[in-house]
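Residues 47 to 487, numbered by this note's numbering, are exactly what the sequence shown covers, in order.
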Amino acid sequence: MKIMIIGCGYVGLVTGTCFSEMGNDVLCVDIDEKKIKNLKKGLVPIYEPGLGEMIERNLSEGRLNFTTDINKGINESKFIFIAVGTPQDENGSADLQYVLNAARDIGKKIERYTVIVNKSTVPVSTYKKVREVINEEINKRGLQVDFDIVSNPEFLKEGSAIDDFMKPDRVIIGTDSEKSTALMKDLYSPFFRKGDRIIFMDIPSSELTKYASNAMLASRITFMNELSLLCEKVGADIENVRKGIGSDVRIGNAFLFAGLGYGGSCFPKDVKALIQTSNDLNLEAKILLAVDTVNKEQRFRFIDKVVKYFDNYIKGKTFAVWGLSFKPQTDDMREAPSIDIINKLRDMGAHIQAHDPVAMGTAKAILGSKNINYVSNSYDTLKNADALLLLTEWHQFRKPDFDKIKSLLKNPVIFDGRNQYDPSVMKEKGFVYHCIGRNIL
């Protein structure tokens with residue numbers, strides 16, 4: 047099948063590349079000339095395990111192509127996926143200008159039946175606006191062109207997006223016509239040879255499912271972070287609580303880890319967008335308002351732990367920081383807890399020595415160079431540091447050389463924002479160990 051993807055960001059690149067891997071002819075479009083020029087050379091603008099190799103392979107075999115000319119493939123494609131950004135607006139709602147601009151461009155050139163698939167994360171009823179904009183442009187040309195709008199939200203996890211797309215646990219498709227339903231089923235059938243996990247539904251339900259999924263996961267994380275505060279007060283261990291409730295099959299283990307709170311491009315934005323959608327409809331999203339508030343507070347509670355340990359005076363202190371990205375296996379720092387933590391510590395006069403396996407370049411663009419050094423080796427950050435702050439749970443930080451850490455730090459102090467280490471082991475090795483909601487004996 048011939049497929050066009052509008053938008054070569056995270057979602058668009060993964061979607062287009064994975065469809066081409068299944069034998070489809072895919073044309074990816076973006077207005078960023080530099081990005082397209084690099085992609086044609088196989089240079090990927092984001093870090094995602096396995097993506098670069100897959101792009102290179104499908105480029106060389108001719109199934110995947112990149113262009114800045116949106117008109118090039120509109121009337122050659124059976125499917126046109128809109129996968130552009132929907133950044134957070136000032137009031138917390140999703141900014142739809144890029145989605146509607148893409149729809150407008152489609153409407154100006156479309157001449158034959160096409161399935162227009164919205165892959166971007168959008169508020170409920172956006173499909174109506176997309177349909178209206180396309181029809182307006184078609185009417186301006188005095189034509190009658192049949193097309194269908196489909197909602198197909200993405201559920202990709204940064205760091206495992208290729209597997210998520212190639213071996214999905216489910217695909218949500220919102221349609222309102224039998225023709226587009228049949229075509230979408232045909233498109234996705236190669237991904238489900240061992241069993242059909244395509245869920246068809248009405249379009250509004252599909253649009254809402256994306257927001258609801260992310261809001262639910264964000265709520266689980268936040269619930270555990272709030273419980274961690276109670277654990278610290280009563281001497282309970284949040285890890286034991288997690289294991290206890292996670293063993294209940296009705297609850298499960300996923301997204302029950304206490305820490306610094308969620309970040310990234312999806313959870314913060316989608317929670318706020320769902321709150322704003324509720325407000326627009328005169329509803330109060332009380333639970334989500336609390337989730338948003340508690341999540342933001344969590345990273346500042348961590349800062350309070352650090353400052354309190356140093357008697358509320360950290361001017362001139364040096365802190366080693368392990369981990370800058372919002373989660374492991376990505377260089378994405380959008381809404382990363384590390385940003386607030388590092389900025390606050392620097393505002394209070396501290397100096398930072400930071401390391402991240404892949405997000406150093408991104409961090410430099412966001413955090414700048416004032417009172418921070420970016421160190422290529424994780425252990426080198428520890429030299430003459432007053433404490434180690436673990437902010438992202440990268441695999442290589444899980445079993446470090448604690449003797450080496452202790453020898454390099456000025457003081458054997460660790461603030462673990464991700465509960466990676468065993469408190470009893472830390473005590474045995476002579477560390478002053480601070481973590482989230484754990485019973486430190």
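In this text, a Cβ means the ideal position worked out from N, Cα and C, and glycines have one as well.
- Pairwise C-alpha distance: Lys361 and Ile249: Along the sequence shown, one-based indexing puts residue 249 at 203. Along the sequence shown, one-based indexing puts residue 361 at 315. Straight-line Cα distance between these residues: approximately 55 Å.
- Exposed or buried, what is Ser422 when buried is set at 16 or more other beta-carbons lying within 10 Å of its beta-carbon? The residue given as residue 422 occupies position 376 in the sequence shown. Ser422 is exposed by the Cβ-count criterion.
- Inside the segment 155-227 only - alpha helix (DSSP H) runs reaching at least 4 residues: 172-186, 207-212
- What does DSSP give as the partner residues of Tyr420 in its beta bridges? As a position in the sequence shown, residue 420 is number 374, starting the count at 1. In DSSP, Tyr420 forms a bridge with Ala400.
- Could you spell out where the alpha helix (DSSP H) holding Ile128 opens and where it closes? By 1-based counting over the sequence shown, the position of residue 128 is 82. Careful: Ile128 lies outside any alpha helix (DSSP H), inside the beta strand (DSSP E) at 125-128.
- Query: Is Ile52 helix, strand or coil when you go by DSSP?
  - Reply: Counting from 1 along the sequence shown, the entry for residue 52 is found at position 6. It is a strand residue.
- May I have the straight-line CA-CA distance separating Ile482 from Gln399, to the nearest angstrom? Taking the sequence shown and counting its residues from 1, the one referred to as residue 482 is at position 436. Taking the sequence shown and counting its residues from 1, the one referred to as residue 399 is at position 353. Those two C-alpha atoms are separated by around 22 Å.
- Message: Assuming contact is defined by CB atoms lying nearer than 9 Å, are Arg380 and Ile418 in contact in what I supplied?
- Response: Within the sequence shown, the letter at position 334 stands for residue 380. Within the sequence shown, the letter at position 372 stands for residue 418. Not closer than 9 Å, so no.
- Query: So Ile267 is in the alpha helix (DSSP H); what residue range does that whole segment cover?
  - Reply: As a position in the sequence shown, residue 267 is number 221, starting the count at 1. That run of the alpha helix (DSSP H) goes 249-280.
- Task: Could you check how far apart the C-beta atoms of Asn117 and Lys155 are, in whole angstroms? I think they sit under 8 Å.
- Result: Sequence index remark: in the sequence shown, residue 117 carries index 71 (1-based). Sequence index remark: in the sequence shown, residue 155 carries index 109 (1-based). Their Cβ separation, rounded to whole angstroms, is 5 Å, which keeps Asn117 and Lys155 in contact under 8 Å.
- Between Lys410 and Tyr425, which are expected to be in contact by the criterion C-beta below 8 Å, what is the C-beta distance as a whole number of angstroms? What you label residue 410 is simply residue 364 of the sequence shown in a count that begins at 1. What you label residue 425 is simply residue 379 of the sequence shown in a count that begins at 1. About 20 Å separates the two Cβ atoms, so there is no contact after all.
- Item | Sub-9 Å separation of Ile51 and Cys74 beta-carbons | For the purposes of this step, residue 51 is taken as the residue at position 5 of the sequence shown. For the purposes of this step, residue 74 is taken as the residue at position 28 of the sequence shown. The answer is yes: Cβ separation under 9 Å.
- Message: For Thr255, which residues in the same chain have their Cβ closer than 7 Å to its Cβ, ignoring the five residues on either side in sequence?
- Response: Residue mapping note: residue 255 aligns to position 209 of the sequence shown, counting from 1. Answer for Thr255: Pro199, Ile218, listed in chain order.
- Would you tell me roughly how many angstroms separate the C-alpha atoms of Gly292 and Leu85, rounded to the nearest one? Mapped onto the sequence shown, residue 292 falls at position 246. Mapped onto the sequence shown, residue 85 falls at position 39. Between Gly292 and Leu85, the C-alpha separation is close to 42 Å.
- Message: Let's test the definition: count the other Cβ atoms within 10 Å of the Cβ of Asp402 and tell me whether it reaches 16, buried, or not, exposed.
- Response: Within the sequence shown, numbered from 1, the residue matching residue 402 stands at position 356. Buried is the call here.
- Query: In this structure, does DSSP put Ile297 in helix, strand or coil?
  - Reply: Numbered from its first residue, the sequence shown carries residue 297 at position 251. Three-state result, Ile297: coil.
- Task: Alpha carbon to alpha carbon, how far is Leu146 from Asp357? Give it in angstroms, no decimals.
- Result: Position 311 of the sequence shown, counted from the start, is the residue given in the question as residue 357. Position 100 of the sequence shown, counted from the start, is the residue given in the question as residue 146. Looking at the two C-alpha atoms, the distance is approximately 53 Å.
- Cβ-Cβ separation, Leu413 to Gly388 (assumed contact under 8 Å), whole Å: What you label residue 388 is simply residue 342 of the sequence shown in a count that begins at 1. What you label residue 413 is simply residue 367 of the sequence shown in a count that begins at 1. Note on residue identity: the sequence assigns Ile, not Gly, to residue 388. The pair is a contact, with the Cβ atoms about 6 Å apart (cut-off 8 Å).
- Measuring CB to CB, does Asp151 end up less than 9 Å from Ile195? Translated into the one-based positions of the sequence shown, residue 151 becomes position 105. Translated into the one-based positions of the sequence shown, residue 195 becomes position 149. No, they are not a contact pair.
- Item | Glu178 to Gly153 span [Cα, whole Å] | Counting from one through the sequence shown, the residue named residue 178 turns up at place 132. Counting from one through the sequence shown, the residue named residue 153 turns up at place 107. Cα to Cα, Glu178 sits roughly 10 Å from Gly153.
- Message: Below 8 Å on the Cβ atoms is my contact criterion, and I expect Leu233 with Val57 to pass it. Report the Cβ-Cβ distance as a whole number of Å.
- Response: As a working mapping, residue 233 is identified with position 187 in the sequence shown. As a working mapping, residue 57 is identified with position 11 in the sequence shown. The Cβ separation is near 16 Å, so there is no contact.
- Item | CB of Pro383 within 9 Å of CB of Gly309, strictly | The residue labelled residue 383 in the question sits at position 337 within the sequence shown. The residue labelled residue 309 in the question sits at position 263 within the sequence shown. Yes, they are a contact pair.
- Message: Given this structure, state the Cα-to-Cα distance separating Ser252 from Ile162, to the nearest angstrom.
- Response: One-based indexing of the sequence shown puts residue 252 at position 206. One-based indexing of the sequence shown puts residue 162 at position 116. Cα-Cα distance, rounded: 15 Å.
- Message: Among Pro469, Gln375, Leu263, whose alpha-carbon lies nearest the alpha-carbon of Ser206?
- Response: Position 160 of the sequence shown, counted from the first residue, corresponds to residue 206. The shortest Cα separation from Ser206 among Pro469, Gln375, Leu263 belongs to Gln375.
- Query: Rounded to a whole number of angstroms, what is the C-alpha to C-alpha distance between Glu102 and Leu320?
  - Reply: Translated into positions along the sequence shown, residue 102 becomes position 56. Translated into positions along the sequence shown, residue 320 becomes position 274. So the alpha carbons of these two residues sit roughly 38 Å apart.
- Nearest-angstrom Cα distance between Thr408 and Val191? Reading the sequence shown from its first residue, position 362 is the one you call residue 408. Reading the sequence shown from its first residue, position 145 is the one you call residue 191. Rounded to the nearest angstrom, the two C-alpha atoms are 44 Å apart.
- Message: Only counting the same chain, and skipping five residues up and downstream in sequence, which positions put a Cβ closer than 8 Å to that of Ser171?
- Response: Mapped onto the sequence shown, residue 171 falls at position 125. So the qualifying residues of the chain are Pro250, Glu253.
- Who pairs with Val337 in a beta bridge, going by DSSP? The count along the sequence shown starts at 1 and reaches residue 337 at position 291. Per DSSP, none; premise fails for Val337.
- Ala228 classed as buried or exposed, judged by whether at least 16 other C-beta atoms fall within 10 angstroms: What you label residue 228 is simply residue 182 of the sequence shown in a count that begins at 1. Ala228 comes out exposed.
- In the structure shown, what three-state DSSP assignment does Thr408 receive? Taking the sequence shown and counting its residues from 1, one reaches residue 408 at position 362. Thr408 falls in the helix class under three-state DSSP.
- Which residues in the same chain have their Cβ closer than 8 Å to the Cβ of Phe303, if we skip the five residues on either side of it in sequence? Numbered from its first residue, the sequence shown carries residue 303 at position 257. Counting only Cβ-Cβ distances below 8 Å, and skipping sequence neighbours, we find Ile267, Met270, Arg288, Arg464, Asn465.
- Counted within 10 angstroms of its Cβ, other Cβ atoms place Val352 as buried (16 or more) or exposed: The residue given as residue 352 occupies position 306 in the sequence shown. Val352 is buried by the Cβ-count criterion.
- Once you ignore the five residues that flank Arg444 on each side, which residues in its own chain have a CB closer than 6 Å to its CB? As a first step, residue 444 must be located in the sequence shown, where it is residue number 398. For Arg444, where only same-chain residues beyond five positions count, the Cβ hits under 6 Å are Gln466.
- From this set, Phe125, Ala149, Ala366, Ser106, which residue's C-alpha is nearest Met230's C-alpha? For the purposes of this step, residue 230 is identified with residue 184 of the sequence shown, where counting begins at 1. Cα-wise, what sits closest to Met230 is Phe125.
- Task: Tell me Trp368's beta-bridge partners as DSSP assigns them.
- Result: As a position in the sequence shown, residue 368 is number 322, starting the count at 1. Trp368 pairs with His401, Leu436.
- Task: Name the residue from Asp115, Ser259, Gly220 whose alpha carbon lies nearest to the alpha carbon of Ile245.
- Result: On the sequence shown, position 199 is the one that residue 245 refers to. The shortest Cα separation from Ile245 among Asp115, Ser259, Gly220 belongs to Gly220.
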